[in-house]
Structure formats: C-alpha cells, structure tokens
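Okay, so here's the structure we're looking at.
Protein chains: 2
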Amino acid sequence: MPQTPHCSSCPVRVTAICGALKDDELKALSMISRQRRIPAGQVVFSDQDSSRFFANVLSGTVKLTKTMPDGRQQIVGLVFSPDFLGRAFSFNNPYFAEAASDVELCCFPHDAFESLLKDYPSLQHRLFENTLDELDAAREWMLLLGRKTAEEKIASFLYLLARRHHVDGCANQQSVAASFELPLTRADMADYLGLTIETVSRQLTKLKTRGIVRMVSSRQMEVPDSAALARVAGAEGISN
Amino acid sequence: MPQTPHCSSCPVRVTAICGALKDDELKALSMISRQRRIPAGQVVFSDQDSSRFFANVLSGTVKLTKTMPDGRQQIVGLVFSPDFLGRAFSFNNPYFAEAASDVELCCFPHDAFESLLKDYPSLQHRLFENTLDELDAAREWMLLLGRKTAEEKIASFLYLLARRHHVDGCANQQSVAASFELPLTRADMADYLGLTIETVSRQLTKLKTRGIVRMVSSRQMEVPDSAALARVAGAEGISN
DNA sequence: CGCCGACTTGATTAGATTCAAACTATGTGG
DNA sequence: CCACATAGTTTGAATCTAATCAAGTCGGCG
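Heads up: the sequence lines are chains A and B, in that order.
Going by the numbering used here, 161 is the number at position 158 of the first sequence; the sequence numbering is gapless.
Going by the numbering used here, 77 is the number at position 74 of the second sequence; the sequence numbering is gapless.
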C-alpha cells in the first residue's frame, strides 16, 4: 500500500524543488505524490519503456547510465538526496536510471506533474535552474573524462563526495577532515570515471599509500586534508 | 556603428528561441538586440569577466571550453547556427566562449534579457527546452569521452556533423552521401574529443584509407555511406 | 565451513601520447 | 615573382598510461 506523503515532515522539503512552492501549490503537488522504496540494483526507469514518472530522491543514490550495444557503460549522472529525477518535455527519456543503493523516492506521475509545471511558473523556474546546474556539472565532468588522469579522476570524485559531505548524519566543519561513505561500488565508480575496476582500485590504494585518504573499510573513507585532495584532483579545486 | 536588427529577414527567426515569441514580444526582444561580428579566434566571453550577454548565433561556430591550470583543455560545447549562447540565472558564467570561425551574433544585454525571461513565460520555456537538449547532448558526449575509442570518437564527431549537415548552402537528402566542412581545426577537434592532434590526424587518415570518408581538402569531407560511418561511430547511431 | 560477490594485486599488452621531423598551404616583403 | 615565414597538418618512432588477462584476498551469509 502506498504511503501517504507528509510534506511537513519531509526531509527535503526546503532543498528540493518543492522549496519553490507556496502552500497551496505544495498541497496540489503532494496530492499527486506517492512514496516508493526501491532496493539497490533495481531499475528505476528504463530508456526503453514508457511508464515514466518524476521523483524527488529522499534518500539513497540513483545512477543515470548510457550503454553501448557491446556493453560498455558510462554513468552520466548521479542523483543524490534532495535532487530531482526525470526529464521533462520529452516523449522518451534518454537515460537508464538504476538504484545504486536502496532508494526512497517521492514520485509524481508524468502527465500530472507536467501539467503542474504549466500551472506553476515558480516550479518550472526552479526545475529550469536545476537543469542549468546539472548542465554545468555534466560539462565539468566532460573535462574530467576527456582530460584528467586516472589519479586525478579518482581524487576529483572523492573531493566531490567530500564537498557534498555525503554522510547521512554527522555534519562536518568547513575544510576539516571529512569522513564519508562511498555511494558506489568499484564497478560503478569505474563507469562514472571512464576507467576499469582494476584501475579504480589501484589508484585508491595509491592515494591511501600517499596518505591523501584513509580507508576504514572498502567503502568508508576519511580525508585528513581536503586541500591536499583538491590539489591531486587537478583543476578548479581552487575555487569552490 | 551597431547594425539595426531586422527580425523579418533573420535567417534563424523561426528556428532560434525567437520562434517561441509572439509579434509584440519579438519586437521587445529586437529592441534590445544588436548584431555583432566576431572574427575567428577571438574571445566571445570569458569565464572571468562580468561583461556578459546572451546571443543567438546567426552564422559560424562558437566553442565553449574548460581549461585546467596546466593548460589542458576540453571543449564542452559547440554552438552552431540557430543555437543560443549564454548561461541564464548565474552571476558568473562558468565557461570560456571563443569563436572557432568568423561568427555573427545577435546579442542581448544580460539584464534586459533576463527581465524579458521573467515577463515572457514562452521565452523561458523555450530556453528551458533548449537547456534540456544541451544536457542530453552533454551526456551523450560523456559516453563518448569516457568509453569510446579514438576511432569511434572521430567517427561520432563526423557523423554528428553529417547529421547537422553543416554546410551553409547545399541541403542534403536524408541518409545520402553528405558533404560538409569541418568547423574546427585538428587542435580543436582534439580538445572536443579528448585526444591529441596527432591521434585525430591518424584516425582521419585511417577512416580515409578504409573508404569511410573522402577528404577533398583537410577541411572538406565527403561521406559516401553515412550508415557505414554510423557503424564505426559505435553506439546509438542506430536510432536517430 | 565453504560459497559468492566485491575488491585487490600482479604480469602483460595495447592504444594513445609524446617527441621529433617533415610536408602543405597561405601570406608577406624584398 | 619568388624566397621565406608561419600556422596547420601529417607521419614516424619511442614511451607510457591504463586496459586486459589472471590469480588471489577479504568479508558476509546460507
């Protein structure tokens, strides 16, 4: 049985696109929403099927992937906790969305949501800004994929996670030793960074040996000096 | 002296974002517009400076680049003829825009244009759809940069150009031998594809030797069998 | 206990980069 | 008009980074 959503107690109420809505608009949105849990490894939606929907990610990580006929795969986007999932204004969604971990979603049926987009300019505007940010991120990643070395790629990814302090709990001071869990397997990291599993593993141990990171377990990372990590990451780690 | 724009005779009137506008709205937009010519190699706008504007590209090619401190560069977007140039709703533009060829622009001052965006939902919506398409393209390119071989990268790029039948003149039948000019130097192709100049050159001669393309000159290409090119390009050349 | 998936490590190979040189087209000044 | 400079391009040889192939280790779970 679908859970009734309670926006008032929603963990992403303010940070998600809902933050752009006035009370009555939020109510209309909540009317069409429905929470769903999706276990790790399951398909959220395929680039093939038509049963499409939009969603806010409440917890967990969703990966958007592109696959070539021969099986080569690239993760083209990671969707974390307050982020929005779905491609508006397109008949067929061009990505394959898969749960990288157990995921909680707040789902909106495709047509109902798009009609709300029409009715609420502030919602559309928020989604627009969202999309612009995604585009910036995608282009940043193009620099990584096209020009960075394996070591820089790994460091960039870890630095990205450290900044998002992807912890689900303990908040960190600015630029203090960060501790976070890797939301992806080695295989997924490889697909995100344009590498192989083996190279990912080797570069991680290299960073460990160099003292840039500590690995509590294969998934649990600690970064004693985030500036050092940023330096290894190569670029624009200077700003931001 | 700035040329007075005449939307009625504009080559991109319908295809550009202007196509979303009603007559009176178009008039308001044309009031703030101003045509500019920018010679090849010149900076259109920098990721540093604040003197920003938006523009429709009337002719020529603009490249959006990201550069690392040590000089490594990646082209993260190519802006062709009816496309729109500029990043809305952001104080500082994150890309460096440079004319890859002589370029004609129809420019709009930053603030005036953003206020029009507020006033004309249809304009904002058009720009939103535009941005979604750019995001799709960026992610498609992520697959190329992360997973394709040098040969597939080159073939994909040529196939992209063939589809856009980037000719400035002779229109081509669907899926018939295409002839087009490369809008980029070898160095720029390398920066777009995440390769070196030498590899680009080698792969081009390889495609030439295999009979996939003919090279009338170093810039003028002919594709006898676009399906064969698509096959070499690797992926999703099947659709579209 | 032993299986299984995720991860690590080692040896070898291949594809692309790097370094180096030469070729082509275009434009300039003597 | 030709010699020469220059930017863009091609080609060759050597090198290196990351991929591939191949074992092995770790950790959880039936």
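Every residue gets a Cβ at the ideal spot worked out from N, C-alpha and C, and that includes glycine.
**Study point:** Candidates A115(A), A165(A), T188(A), T18(A), of which the one nearest L61(A) by Cα
**Key:** Nearest option by C-alpha distance: T18(A).
Practice item. Compute the distance between the beta-carbons of L135(A) and R167(B), then report whether it is under 8 Å. Key: no
Point to revise | chain A contact for K69(B) (CB, 8 Å cutoff) | key: Yes, because at least one Cβ of chain A sits closer than 8 Å to the Cβ of K69(B).
Exercise for review: Could you check which residue in L198(B), S104(B), Y123(B) has the C-alpha nearest to that of I157(B)?
Suggested key: L198(B)
Practice item. Pull out every residue of the region 145 to 159 of chain A whose Cβ sits closer than 7 Å to any Cβ of chain B, in chain order. Key: If the cut-off is 7 Å between Cβ atoms, the region 145 to 159 of chain A has M145, L146, L148, G149, R150 near chain B.
Review point. Around the C-beta of S221(B), are 16 or more other C-beta atoms found within 10 angstroms, so that it is buried, or is it exposed?
Key: Taking every protein chain shown into account, the CB of S221(B) has fewer than 16 other CB atoms within 10 angstroms, so this residue is exposed.
Check your understanding: When DSSP builds the beta bridges, which residues end up paired with T77(A)?
Key -> Contrary to the premise, residue 77(A) reads as Gln rather than Thr in this sequence. The partner list for Q77(A) (beta bridge, DSSP) reads K69(A).
Point to revise | Beta-carbon gap between A43(B) and S93(B) smaller than 8 Å | key: no
Review point. Any Cβ of chain A within less than 8 Å of the Cβ of G237(B)?
Key: True, the Cβ-Cβ gap to chain A drops below 8 Å.
Check your understanding: Name the chain A residues that come within less than 7 Å of V79(B), Cβ to Cβ?
Key -> Residues of chain A passing the Cβ test: R142, M145, L146.
**Study point:** Reduced DSSP secondary structure (H/G/I, E/B, other) of Q38(B)
**Key:** strand
**Study point:** Distance, F57(A) Cα to F116(A) Cα
**Key:** 7 Å
Point to revise | Short Cβ contact (8 Å threshold) for Q148(A) with M224(B) | key: The sequence shown places Leu at residue 148(A), rather than the Gln named in the question. Not in contact: L148(A) and M224(B) (Cβ atoms no closer than 8 Å).
Check your understanding: Of all Cβ atoms in chain A, is any one closer than 8 Å to the Cβ of A91(B)?
Key -> yes
Review point. Are the beta-carbon atoms of E201(B) and L138(A) separated by less than 8 Å?
Key: no
Check your understanding: Are the region 107 to 121 of chain A and the region 19 to 36 of chain A touching, with three or more C-beta to C-beta distances below 8 Å?
Key -> yes
Exercise for review: If I'm right that F48(B) touches T70(B) with Cβ under 8 Å, what's the distance once you round it to whole angstroms?
Suggested key: That belief does not hold up - the Cβ atoms of F48(B) and T70(B) are roughly 14 Å apart, past 8 Å.
Point to revise | Between the CA atoms of L185(B) and L164(B) - distance to the nearest angstrom | key: 8 Å
Point to revise | Neighbour-count burial assignment, H128(A), 16 or more Cβ in a 10 Å radius | key: buried
Review point. Measuring CA to CA, which of R205(B), S182(B), L187(B), G22(B) is closest to S229(B)?
Key: S182(B)
**Study point:** Closest Cα partner of P97(B) within the set R205(B), F83(B), I78(B)
**Key:** Taking only the C-alpha atoms, the option nearest P97(B) is I78(B).
Review point. Is the CB of T202(B) under 8 Å away from at least one CB in chain A?
Key: So, not an interface residue.
Check your understanding: Of all the CB atoms in chain A, is at least one closer than 8 Å to the CB of D139(B)?
Key -> yes
Check your understanding: At least one CB of chain A closer than 8 Å to the CB of E132(B): is that the case?
Key -> yes
Review point. According to the Cβ coordinates, are I20(B) and L88(B) closer than 8 Å?
Key: No; because the gap between Cβ atoms is not below 8 Å, this pair is not in contact.
Review point. Excluding the five sequence neighbours on either side, which residues of its own chain have a C-beta within less than 7 Å of the C-beta of G172(B), listed in chain order?
Key: Because G172(B) sits at a pLDDT of 44, beneath the cut-off of 50, its placement in the model cannot be relied upon, and the point is left open.
Practice item. Pull up the distance between the alpha-carbon of Q51(A) and that of N133(A), whole angstroms please. Key: 24 Å
Point to revise | the region 197 to 229 of chain A: positions lying closer than 7 Å to chain B by Cβ | key: G197
Exercise for review: Run the CB neighbour count on A102(B), radius 10 Å, all protein chains shown included, and call it buried at 16 or more, exposed below.
Suggested key: buried
Exercise for review: Give a yes or no on whether 8 Å exceeds the smallest Cβ distance from L135(A) to chain B.
Suggested key: yes
**Study point:** Coarse secondary structure for Q223(A), derived from DSSP in three states
**Key:** strand
**Study point:** DSSP bridge partner residues for S33(A) (one or two, in chain order)
**Key:** BP columns for S33(A) are empty, so no partner.
**Study point:** Under the three-state DSSP convention, the category N133(A) falls into
**Key:** helix
Point to revise | 6 Å CB neighbourhood of Y123(A) in its chain, flanking five on each side removed | key: E28
Exercise for review: Hey, could you find the ends of the alpha helix (DSSP H) L119(A) is sitting in?
Suggested key: 113 to 122
Review point. Skipping 5 residues on each side, what residues in its chain have a beta carbon closer than 7 Å to that of P14(B)?
Key: Here P14(B) has L61 as same chain residues with Cβ atoms under 7 Å from its own Cβ, once five neighbours each way along the sequence are excluded.
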